[in-house]
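**Student:** Numbering (UniProt numbering), first residue to last: 1 to 184. C-beta atoms are modelled at their ideal positions from N, C-alpha and C, and glycine is treated no differently. Model, not experiment: these values are computed from the prediction. Sharing a structure with you now.
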């Protein structure tokens with residue numbers, strides 16, 4: 001019970017801390033995702049963009065990639081995996097004068113982060129302190145017959161003392177008339 005209370009208190013504190021820090025953010029994306037987007041944007045400045053058809057573009061640098069803005073896809077597949085535009089997509093978005101934040105996954109936005117930590121875990125009073133002595137004695141549960149065939153317990157064999165054999169010829173114990181070696 002104590003470890004559960006410790007975990008609950010830790011989670012309560014974490015949720016409160018993250019909620020308070022999220023309330024101070026002014027950017028559209030969370031700070032860590034904003035930093036990653038800025039790094040990718042710096043890489044995108046050296047790429048050349050060629051328009052193909054509508055929302056499909058060809059981006060060339062060391063290699064050539066195809067970017068589709070409508071389906072949020074790039075042939076490098078980084079945009080699809082991470083949810084943030086890759087440097088090729090950023091080059092296209094900047095060329096078309098689009099907003100980078102519109103092409104980021106909603107889960108990286110500050111709004112969604114705040115919504116995640118908007119609810120909290122309510123404190124729980126100590127149950128031992130409030131219960132008092134009500135005179136209730138907890139009993140162990142009734143134990144019924146377990147399922148299945150009962151185990152066979154070994155029976156204790158009582159040794160029955162054997163009657164001593166007595167010879168009818170020599171009157172000694174330990175043998176009978178057929179095995180008697182006494183001379184007549």
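Among the residues of its own chain, which have a CB less than 8 Å from the CB of residue 31, if the five just before and after it don't count?
**Tutor:** As a first step, residue 31 is located in the chain shown; it is residue number 31 there, counting from the start. The residues are 25.
**Student:** From residue 44 to residue 86, what does the alpha carbon distance come to, in whole angstroms?
**Tutor:** Reading the chain shown from its first residue, position 44 is the one you call residue 44. Reading the chain shown from its first residue, position 86 is the one you call residue 86. Each residue's Cα considered, the two are about 8 Å apart.
**Student:** Report the partner residues of residue 109 according to the DSSP bridge assignment.
**Tutor:** Within the chain shown, the letter at position 109 stands for residue 109. Answer by DSSP bridge pairing, in chain order: 29.
**Student:** In the DSSP assignment, the beta strand (DSSP E) including residue 66 goes from what residue to what residue?
**Tutor:** One-based indexing of the chain shown puts residue 66 at position 66. Counting along the chain, the beta strand (DSSP E) containing residue 66 begins and ends at 64-68.
**Student:** By Cβ distance, which residues of its chain are closer than 7 Å to residue 101, with the 5 residues on each side in sequence left out?
**Tutor:** By 1-based counting over the chain shown, the position of residue 101 is 101. Hits under 7 Å: 28 and 29.
**Student:** Helix, strand or coil: which one does DSSP assign to residue 60?
**Tutor:** For the purposes of this step, residue 60 is taken as residue 60 along the chain shown, with counting starting at 1. Three-state result, residue 60: strand.
**Student:** Under the three-state reduction of DSSP, which class applies to residue 73: helix, strand or coil?
**Tutor:** By one-based count along the chain shown, residue 73 stands at place 73. Three-state result, residue 73: strand.
**Student:** Using a Cβ distance threshold of 8 Å, determine whether the region 78-97 contacts the region 54-70, with at least three qualifying pairs required.
**Tutor:** In short, these stretches touch, since the Cβ pair count reaches three.
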